[in-house]
Amino acid sequence: MKKLRNLLEGIEIISSKGDLDIDILGVSTNSKLTEEGYIFFAVKGNNLDGHEFIDGAIRNGSNCIICSVLPKKINIKLCYVQVKNIRFAINKISSKFYNNPANKLKVIAVTGTNGKTSIVYFLYQFLLLLDKKVGMLSTIENKIKDKSISSSLTTPDPIEINKLMSEMIKMDIEYCVMEASSHAIDQIRISGSDIYVAIFSNISHDHLDYHKTFLNYINTKKKLFDQLSENSFSVINTDDKRADYIVQNSKSEVINYSVRSISENKARIIEKSVEGMLVEIDNQKVSLGVLGEFNLYNILSVYVFSKILKIDKIKSLKILSKLKPPKGRLEFIKSSNGSIGIVDYAHTPDALRNVLITLDDIKGDNKLISIIGAGGDRDKKKRPEMGRVAEEYSDYVIVTSDNPRNENQNDIIDDITKGFKYDNYKIEIDRKRAITNACNNLDNKSILLVAGKGHEDYQIIGENYIPHNDMEILKNELK
Numbered sequence: 002m003k004k005l006r007n008l009l010e011g012i013e014i015i016s017s018k019g020d021l022d023i024d025i026l027g028v029s030t031n032s033k034l035t036e037e038g039y040i041f042f043a044v045k046g047n048n049l050d051g052h053e054f055i056d057g058a059i060r061n062g063s064n065c066i067i068c069s070v071l072p073k074k075i076n077i078k079l080c081y082v083q084v085k086n087i088r089f090a091i092n093k094i095s096s097k098f099y100n101n102p103a104n105k106l107k108v109i110a111v112t113g114t115n116g117k118t119s120i121v122y123f124l125y126q127f128l129l130l131l132d133k134k135v136g137m138l139s140t141i142e143n144k145i146k147d148k149s150i151s152s153s154l155t156t157p158d159p160i161e162i163n164k165l166m167s168e169m170i171k172m173d174i175e176y177c178v179m180e181a182s183s184h185a186i187d188q189i190r191i192s193g194s195d196i197y198v199a200i201f202s203n204i205s206h207d208h209l210d211y212h213k214t215f216l217n218y219i220n221t222k223k224k225l226f227d228q229l230s231e232n233s234f235s236v237i238n239t240d241d242k243r244a245d246y247i248v249q250n251s252k253s254e255v256i257n258y259s260v261r262s263i264s265e266n267k268a269r270i271i272e273k274s275v276e277g278m279l280v281e282i283d284n285q286k287v288s289l290g291v292l293g294e295f296n297l298y299n300i301l302s303v304y305v306f307s308k309i310l311k312i313d314k315i316k317s318l319k320i321l322s323k324l325k326p327p328k329g330r331l332e333f334i335k336s337s338n339g340s341i342g343i344v345d346y347a348h349t350p351d352a353l354r355n356v357l358i359t360l361d362d363i364k365g366d367n368k369l370i371s372i373i374g375a376g377g378d379r380d381k382k383k384r385p386e387m388g389r390v391a392e393e394y395s396d397y398v399i400v401t402s403d404n405p406r407n408e409n410q411n412d413i414i415d416d417i418t419k420g421f422k423y424d425n426y427k428i429e430i431d432r433k434r435a436i437t438n439a440c441n442n443l444d445n446k447s448i449l450l451v452a453g454k455g456h457e458d459y460q461i462i463g464e465n466y467i468p469h470n471d472m473e474i475l476k477n478e479l480k
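In this text, residue positions in the sequence shown follow the working numbering: the first is 2, and each later residue adds one.
Pasting the structure below:
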């Protein structure tokens, strides 16, 4: 229980009505989850306006409404607070309500267009293998020790983040590794001031439906590093040409890593196969159980993190050799005839290119077939580029649906096929049928990549989440 007046300290208030000395028993941005004595934050988003759900929150017991615009109808028994920045208010108030848990954890946040989930998952495993007490917030799942909690956003809202971190504190967790998406940074779901180590993986065109311009997207990522304190660390991939810009105003200690350019932490691939690769990290050879140059970058960022912790070099490399990729990231299954089915979350041109280059390197004289799609109601500019990339590195491409949402599936596919120069592709809107047909026509030792959904176990069609799992379909077909 907290006093409203105390929770409001530091928040820029435009106006208020009612008693500010009331007791607060909880906080929520969802009117359906609001209970007796809760603050309800009315947030205007891209699709929904929380102000329209104020009455529902009151019916469920809310005693305080915090909003950007005061409603016309005021209940004199309740408290209303109009604030200048509602998202800032949610972040600060929820943090105070849960006793500022981020200040009691060592938070490692990973941002970038590609690689966030893999790096977070590798960090989580690494810390566990060091016998550290660690929690994880990721696209795939949230974890507190071995307890899993499913997630639907790359970064949960501030209330959920603070609640989960509060639970971590209760379980004596020391480290929290988490993804920091551009949406989360922009919406103040996460603040650099709470972070111990921030990792920048890379940046390329994505989410322009939200950020409008690439510069806005870059500056949003940069904001996280601008907010870091002098006691924190920035770990950056200097092979990305925008890395220096990302950290140019950061007060943190900056540590770089690279595969191609000169840096203090460098790695290279020596040998590669479908089972993994032999690499050299910091002039020491080590075998990794992951595929691809992009995963070498991901692993290398974890190695740099281990140096921040002052872990012995050989000990770190031994642990790195034991790390496994997360679910839906280059996850593969072999059939009896030697063909291989692979599921990967690659849903941006850069991610797709990285995966296809990796598979092209190990396929030899065998065929590489790709199944691709693109999300509806999302960045349309990347669709033709997805087609171009798939065509360049694949022997054959099948274009299908991938979370069309409220957009016409044929329109999405038309956008993708504009990137093709040749006609060596097929359209099959039904994703399950596309995978099934491809499996039935696979030659011996061919490789089939099913890209875009990775770990997801649904298709979003309209507003409905339809059960669908790429890997389960592959397992059934490639017995």
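Glycine included, each C-beta is placed from N, C-alpha and C at the ideal position.
- Message: Tell me whether the region 292-305 and the region 240-259 touch, counting them as touching only if at least three CB pairs, one residue from each stretch, are closer than 8 Å.
- Response: yes
- Item | Exposure label - Tyr81; buried when at least 16 CB within 10 Å | buried
- Message: Just list the residues that DSSP pairs Val70 with in beta bridges.
- Response: Beta-bridge pairing links Val70 to no other residue.
- Item | Val70 burial status per 10 Å Cβ neighbour count (16 or more: buried) | exposed
- Message: Here's the rule I'm using: 16 or more other beta-carbon atoms within 10 Å means buried, otherwise exposed. How should Asn86 be labelled?
- Response: exposed
- Message: Three Cβ pairs or more, each shorter than 8 Å: is that satisfied between the region 430-446 and the region 354-370?
- Response: yes
- Query: By the 10 Å Cβ neighbour count, where 16 or more other Cβ atoms means buried, how is Asn404 classified, buried or exposed?
  - Reply: buried
- Query: At a Cβ threshold of 9 Å, is Asp380 touching chain B?
  - Reply: In the displayed structure, chain B is absent; only one protein chain is listed.
- Message: For Lys1 and Ser194, what's the separation of their Cα atoms in angstroms?
- Response: Absent from the structure is residue 1, since the part of the chain shown begins at 2 and ends at 480.
- Assign Gln460 to one of three DSSP states: helix, strand, or coil. strand
- What is the residue span of the beta strand (DSSP E) that Leu279 lies within? Gly277 to Ile282
- In whole angstroms, what separates the C-alpha of Ala452 from that of Gly339? 20 Å
- Task: Could you tell me which of Ser63, Val178, Lys252 and Ile315 sits nearest to Asp227, measuring between CA atoms?
- Result: Lys252
- Query: Between Asn238 and Asn203, which are expected to be in contact by the criterion C-beta below 8 Å, what is the C-beta distance as a whole number of angstroms?
  - Reply: 6 Å
- Message: Threshold first: 4 residues or longer. Then list the alpha helix (DSSP H) segments lying entirely within the region 339-401, N to C.
- Response: 350-363 and 383-394
- With a 10 Å radius around its C-beta and 16 neighbouring C-beta atoms as the bar for buried, classify Lys422 as buried or exposed. exposed
- Item | Assumed close pair Lys97, Leu8 - CB separation to whole angstroms, cut-off 8 Å | 5 Å
- Task: Could you pull out every unbroken beta strand (DSSP E) segment of at least 3 residues lying fully inside the region 150-200, listed in chain order?
- Result: 176-180
- Evaluate the contact criterion for the region 156-163 versus the region 179-189: three or more CB pairs, one atom per stretch, below 8 Å. yes
- In or out: Ser1 buried (at least 16 other Cβ within 10 Å) or exposed? For residue 1 there is no data in the structure shown, the boundaries of the chain being 2 and 480.
- Message: With three or more beta-carbon pairs closer than 8 Å as the criterion, would you say the region 174-183 touches the region 135-143?
- Response: yes
- Message: On the CB-based measure, 16 or more other CB atoms within 10 Å of its CB, does Pro468 come out buried or exposed?
- Response: exposed
- Query: Are there three or more Cβ pairs, one per stretch, closer than 8 Å when the region 355-365 is compared with the region 316-326?
  - Reply: no
- Task: Kindly list the residues whose CB is nearer than 6 Å to the CB of Met278, restricted to its own chain and excluding five residues on each side of it in sequence; keep chain order.
- Result: Ile270 and Leu289
- Let me know the secondary structure DSSP gives Ile40 once reduced to three states. strand
- Query: Contact between the region 26-46 and the region 92-111: three or more CB pairs below 8 Å?
  - Reply: yes
- Query: With burial defined as no fewer than 16 other Cβ atoms inside 10 Å of the residue's Cβ, what is the status of Arg190: buried or exposed?
  - Reply: buried
- Task: Grab the span of the beta strand (DSSP E) containing Leu216 for me, first residue to last.
- Result: Element bounds for Leu216: not the beta strand (DSSP E) but the alpha helix (DSSP H), Phe215 to Asp227.
- Item | Same chain, Cβ closer than 7 Å to Asp24, five either side skipped, listed in chain order | Met2, Lys4 and Gly38
- Could you check how far apart the C-beta atoms of Val400 and Ile428 are, in whole angstroms? I think they sit under 8 Å. 5 Å
- Query: Given Ala352, which residues of its chain have a CB within under 7 Å of its CB, disregarding the five upstream and five downstream residues?
  - Reply: Asn115
- Which same chain residues, not among the five before or five after Gly19, have their C-beta less than 7 Å away from its C-beta? Leu79, Cys80 and Tyr81
- Near His348, which residues of its chain fall below 6 Å by C-beta distance, leaving aside the five closest residues on each side in sequence? Gly453
- Excluding the 5 residues preceding and the 5 following Ile75 in the sequence, name in chain order all residues of the same chain whose CB lies nearer than 8 Å to its CB. Lys18 and Tyr81
- Item | Own chain partners of Lys495 with C-beta closer than 6 Å, once the 5 adjacent residues on each side are dropped | The question about residue 495 has no answer, for the chain in this structure spans 2 to 480.
- By how many angstroms is the C-alpha of Lys328 removed from the C-alpha of Asn64? 42 Å
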